[in-house]
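These protein sequence lines map, in sequence, to chains V and E. Take 848 as the starting number for the first sequence in my numbering and just add one per residue. Take 992 as the starting number for the second sequence in my numbering and just add one per residue. In this text, a Cβ means the ideal position worked out from N, Cα and C, and glycines have one as well. As the structure is a prediction and not an experimental result, all values here were calculated from the model. One structure is given here, and the rest of the page talks about it.
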Amino acid sequence: MKPPAATPQAPTGVSSTTKVVVATTVALTFITFWQAAAIVLNDLASTMYYIGGITEQAIGKSAPWMVLAVMLFSYAVRSVYMESCSMFVRGGVYIVVKDSIGPTVAKLSVSALVVDYILTGPISAVSAGQYLGRLINDIGDSTHQAFLHFEPNSFSVFFSVIVTLYFWWSNIKGVPESSHKALRIMQVTTVMLVILLVWAPITLLFHPSKLPPLPTPTNLHLTNESLGWFSGTIFSQISFVVILVAIGHSLLAMSGFETLAQVYREVAYPKMKNLRITANIVCTYAVICTGVISVLAVMIIPDSTRSMYYDNMIGGLVMNLVGPNLLKLGFHVFVVIVGVLILAGAVNTSLIGVNGVMNRVAEDGVLLDWFRKPHKKFGTTYRILNLMTLLQLITIIISRGDVYLLGEAYAFGVVWSFALKALGVLVLRYQRHDQEYKMPFNIRLGGIEIPIGLAATTSILFLVAIANLFSKKIATTYGISFTVVLYVLFLISEHVNAGKKREQRTDLEKFNLDHQPEVNSQAMRARPGCVLVAVRDYRRLWHLGKVLEKTNLRRHDIVVMTVRHVSSGAAEYDLRDDQLFADYEQELFSHVVSMAEKEGKSVELLVVPAVDPFDAMVQTAAKLEATRLVVGVSARMASEELAQRIGLAWERLPEPRHPFSLEITNPDRPSTFVNLGPHPPRLWPEDVDRLHKIWLRLSELPGLGFKIHHRDIVGIALRRLEKELETSVPEELATTIEREIHKNGS
Amino acid sequence: MPSKEFVRVIPVRERITPATLDLEVIFTDLAGTRTTLGVAAQYARDLGAQITILDAQVVPYPLPLDRPPVAVEFTERTLRALAQEQTVETFVEFYLCRDREDTIRQVLEPESIVVIPGRKRWWPTADNRLAKLLRRDGHRVIFANQSFA
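So, in structure tokens, the structure goes:
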């Protein structure tokens, strides 16, 4: 359909004095699943360095099977996180629990998460110190140098304090490392793992060994310490309880999954598919690096000496491989370098993470602004960093370098934040119905969905968390004390902040506004051929959804524009920034960004002030050399009228006019496409037949033959119609055309 | 097409008549950048050039990209003050990113003149690596102490 002709006139929509606003935000950087997996694994895979020793001390020689079982269970936890991410693009445990269960439990869950972060630092640093200290001792023994000998626990405390202080200072200064380092660290770790996975089976060929005993209740040797308050009670005789306690001692192998929720926002399109791949890479890698290596360590390190290696199990594994001592020592050095890299990275991540979580809750008014006061010189939230570092240092010193002790305490935060997250996702099954992904194993009974998989996972996590409460005295005492202190702190802060008027909405995106005198493709970073989507009502954005779903960003960029209506008088003057980009535009673009993030595609945002929105749309499309302008069906006018008004606006563009197509999208019907400007018409089939018959008849005329083409006939017909338009009565012609339109049913 | 990053263009003053030559000074730290700007300004005045301070600030995981460890307002204030100290037209471009090198490479105009504060070292440093990448991209790179001292 071609819009009716109109007399071309000067553009009137956009005043020459008003500016356009290019809005940018952070939501538009996306990473591959490899990068995402590397970031998660930097946190999750670091546990392989200490989990084997901790679990064996707690439950005996069957421990590796339990670790392997927990790593396999991580696939279920992966599904919980995927379901959560499918609802909350930016949802960590705090957001999910707050939305599903309420702010009180959310404060508890975030307290547990903070405990998790506080303990991640010390356990990682102390473990790295143990590996390094024991390596130095091995080198000292091999080279017979007496001065190269340290008491491992004291050395690890000293090393941990130095490492923690180093990262505290770098965080105070706000000098972060490049995120690409995560990928490099994982590449080096993978090299180490591959060597181990080749060398260890060769060792087993030379020195065959039995698999560790299966984790049956009779094989699980829980000490009084690992049974905690269950010791001496009837519960310690119940197999089910014993297995739960054993799982509880192994569950911290999964710590670090929360990072999956943090990176989801930046995972590229197709987002959910890529998240699934990311999560599968993470789980498979964790099964191999944490589960399989733990099994190999127990098989290769002799029972008589294994207790010496509880704090550096991988070091022990390396030193018991077959081969020349020098080669083993060299590989041991490599293993320790990788360990120090990955564990020190975890110390840094713990400080960054806890700082981020505390800042996030502060934005919700749950933490006093006093904590967020920026450092005078560096601008960082030094009070939070100081407090958290102090807690980490106290923990390190109290632990006296005992990894087992730290592991016990660490489990509290890990298991409760998992359990509360899973509960939140389960509750949301009955509160929301927009889950793009659902954890498998769901049945319907009487129209009600029963999420068996999700409920079973949540139940297991809660049972383990409760078993931990009674079996891990240290974890319970430490964890509850910290959680209560933090919870009270949050409550008091919330009470104090309630008195203050909080004007800023935290759910809205923050935009940076670049005021430009006119629309230009360079400022927009949109290539010619882009798709321009016009939006105005954030409740009616289905057309944007369709564009996001279908557009291949390699071929076309997406520009989302909104027209800021100004009166013709106002257009004579410059508008203030807050008039151009008011609260409504902020809310509208927040919804746009949220949809784009969910799809994993980037969009460019533009506000154009104009008297006439149709003029503004077509002028913008022309200046950006868009191939398509997409609008939603209007609530106030029919699609035909909308197309006509946009078409008329196109006719008012100065020559040469850039042609593009208009797509009017309806949520319930297929889109209507209209070509703006001169374009070959799509003829009705009977008209094509008629044209062909005329051509056949004319080509039989002498002298014409096959010289005449179909286009010549159309040309003659059009010129005749044009002539008729000038000479005949317009009403008669209009009646004829109207009859034609009705006949074709358009 | 570069991937989009979080950009803050801080208008210290309006770019009314853009100079033909632009010196892009990479922000490293406050003291180093301030020293470099002093000499770069002298150089820019002689050439009728303008200066753009380019600050690509890395936001580490697991922080969201819009929640950098250093408050955005603080960085803006610092950079604005730094630009206002200069006697030649000076602008600031401030980016929050995950990777500094990638971001700087994405935002530089082709064949830019880039000034990196500090000295070229014979051993591998982050600045040496950045300089190498920028030269490979076709930019002219100057280490401030090397060129202006």
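Short CB-CB distance (under 8 angstroms) between residue i and chain V
i: residue 1062 of chain E; result: yes
i: residue 1107 of chain E; result: no
i: residue 1054 of chain E; result: yes
i: residue 1058 of chain E; result: yes
i: residue 1065 of chain E; result: yes
i: residue 1006 of chain E; result: A caution first: residue 1006 of chain E carries a pLDDT of 45, below 50, which makes its placement in the model too unreliable to give a value.
Other residues of its chain near residue i: CB distance less than 7 angstroms, five sequence neighbours each side excluded
i: residue 822 of chain V; result: Because residue 822 of chain V is not part of the residues shown, which for chain V are 848 to 1593, the question remains open.
i: residue 1038 of chain E; result: 1012
i: residue 902 of chain V; result: 910, 913, 914, 1096 and 1097
6 angstroms Cβ shell around residue i - same chain, five flanking residues per side excluded
i: residue 892 of chain V; result: 1136
i: residue 1299 of chain V; result: 1288
i: residue 904 of chain V; result: 1157 and 1251
i: residue 1474 of chain V; result: 1376 and 1507
i: residue 1515 of chain V; result: none
i: residue 1266 of chain V; result: 1308, 1309 and 1312
i: residue 1093 of chain E; result: none
i: residue 1035 of chain V; result: 1185
Boundaries (first-last residue) of the beta strand (DSSP E) holding residue i
i: residue 1479 of chain V; result: 1475-1479
i: residue 1081 of chain E; result: 1081-1088
i: residue 1048 of chain E; result: 1041-1049
i: residue 1511 of chain V; result: 1507-1512
i: residue 1080 of chain V; result: Segment: none, residue 1080 of chain V is in no beta strand (DSSP E) and carries neither H nor E.
i: residue 1106 of chain E; result: 1104-1107
i: residue 1523 of chain V; result: 1519-1523
i: residue 1298 of chain V; result: 1295-1298
Cβ neighbours of residue i in the same chain (closer than 8 angstroms, five flanking residues each side left out)
i: residue 1147 of chain V; result: 1047, 1050, 1051, 1054, 1056, 1164, 1167 and 1168
i: residue 1089 of chain V; result: 1064, 1067, 1069 and 1083
i: residue 1123 of chain V; result: 929 and 1284
N-terminal and C-terminal residue of the alpha helix (DSSP H) that residue i is part of
i: residue 1242 of chain V; result: 1229-1246
i: residue 1492 of chain V; result: 1486-1498
i: residue 1256 of chain V; result: 1250-1278
i: residue 929 of chain V; result: 910-934
i: residue 1187 of chain V; result: 1172-1210
i: residue 1539 of chain V; result: 1532-1546
C-beta neighbour in chain E for residue i, strict 8 angstroms
i: residue 1398 of chain V; result: no
i: residue 850 of chain V; result: Low local confidence applies: a pLDDT of 34 at residue 850 of chain V is under 50, so the model's placement there is unreliable, with the coordinate-based value given in what follows. Chain E, which has no Cβ nearer than 8 angstroms to the Cβ of residue 850 of chain V, makes this no.
i: residue 1095 of chain V; result: no
i: residue 1018 of chain V; result: yes
i: residue 1247 of chain V; result: no
i: residue 1202 of chain V; result: yes
i: residue 1031 of chain V; result: no
i: residue 1225 of chain V; result: yes
i: residue 1621 of chain V; result: What the structure shows of chain V is the stretch from 848 to 1593, and residue 1621 of chain V is not part of that stretch, so it cannot be assessed.
i: residue 1447 of chain V; result: no
i: residue 1021 of chain V; result: yes
i: residue 873 of chain V; result: Only weak support exists for where residue 873 of chain V lies, its pLDDT of 48 falling under 50; the value from the coordinates is given anyway. At least one chain E Cβ lies under 8 angstroms of residue 873 of chain V.
i: residue 886 of chain V; result: yes
i: residue 1221 of chain V; result: yes
Counting Cβ pairs closer than 8 angstroms, one from the segment 1390-1409 of chain V and one from the segment 1443-1450 of chain V, do we hit at least three?
Put simply, the segment 1390-1409 of chain V touches the segment 1443-1450 of chain V. At least three CB pairs are less than 8 angstroms apart.
Select from the segment 1112-1134 of chain E all residues with a C-beta closer than 8 angstroms to any C-beta belonging to chain V, and list them in chain order.
Result list empty, no residue passes.
Validate contact between the segment 904-915 of chain V and the segment 1138-1157 of chain V using beta carbons, cut 8 angstroms, 3 pairs
The segment 904-915 of chain V makes contact with the segment 1138-1157 of chain V: 3 or more CB pairs, one atom from each, lie closer than 8 angstroms.
Relative to chain E, which residues along the segment 1368-1381 of chain V have a C-beta separation below 8 angstroms, given in chain order?
Per Cβ criterion, the list reads 1372 and 1374.
Which residues, in order along the segment 1110-1122 of chain V, keep a beta-carbon less than 8 angstroms from a beta-carbon of chain E?
Listed by position along the chain: 1110, 1112 and 1113.
How do the segment 973-984 of chain V and the segment 1226-1241 of chain V stand: do at least 3 beta-carbon pairs fall below 8 angstroms, yes or no?
The answer is no - the segment 1226-1241 of chain V does not touch the segment 973-984 of chain V, with fewer than three Cβ pairs under 8 angstroms.
Which residues, in order along the segment 1074-1107 of chain V, keep a beta-carbon less than 9 angstroms from a beta-carbon of chain E?
Listed by position along the chain: 1105 and 1106.
Below 8 angstroms between beta carbons is the criterion; list the residues of the segment 1183-1215 of chain V that meet it against any residue of chain E, in chain order.
If the cut-off is 8 angstroms between Cβ atoms, the segment 1183-1215 of chain V has 1195, 1196, 1199, 1200, 1202, 1203, 1206 and 1207 near chain E.
Could you tell me whether the segment 1466-1480 of chain V touches the segment 1369-1388 of chain V, where touching means 3 or more Cβ pairs closer than 8 angstroms?
The segment 1466-1480 of chain V vs the segment 1369-1388 of chain V: in contact.
Is the segment 1489-1497 of chain V touching the segment 1520-1538 of chain V, taking contact as three or more C-beta pairs under 8 angstroms?
By the criterion of at least three beta-carbon pairs nearer than 8 angstroms, the segment 1489-1497 of chain V is in contact with the segment 1520-1538 of chain V.
Just checking, does the segment 1001-1013 of chain V make contact with the segment 965-977 of chain V on the three C-beta pairs under 8 angstroms criterion?
Remark: three or more beta-carbon pairs, one from each stretch, lie closer than 8 angstroms, so the segment 1001-1013 of chain V and the segment 965-977 of chain V are flagged as touching.
Sufficient close CB pairs (3 or more, under 8 angstroms) joining the segment 1332-1346 of chain V to the segment 1204-1219 of chain V:
At 8 angstroms Cβ cutoff, the stretches touch.
Scan the segment 937-948 of chain V for residues whose Cβ lies nearer than 8 angstroms to a Cβ of chain E and list them as they occur along the chain.
Cβ contacts with chain E: 937.
Three or more C-beta pairs under 8 angstroms: does that hold for the segment 1249-1263 of chain V against the segment 955-968 of chain V?
Short answer: they touch.
Output needed in chain order: residues of the segment 1019-1052 of chain E with a Cβ under 9 angstroms from some Cβ in chain V.
Cβ contacts with chain V come from 1020, 1021, 1048, 1049, 1050, 1051 and 1052.
Is it a yes or a no for the segment 1177-1185 of chain V touching the segment 1193-1203 of chain V, going by three-plus beta-carbon pairs under 8 angstroms?
In short, these stretches do not touch, since the Cβ pair count stays below three.
Inter-stretch contact (C-beta, 8 angstroms, three-pair minimum) for the segment 1221-1234 of chain V and the segment 1049-1064 of chain E
Output reads yes: the segment 1049-1064 of chain E touches the segment 1221-1234 of chain V.
Could you tell me whether the segment 1558-1572 of chain V touches the segment 1530-1548 of chain V, where touching means 3 or more Cβ pairs closer than 8 angstroms?
Yes, the segment 1558-1572 of chain V is in contact with the segment 1530-1548 of chain V.
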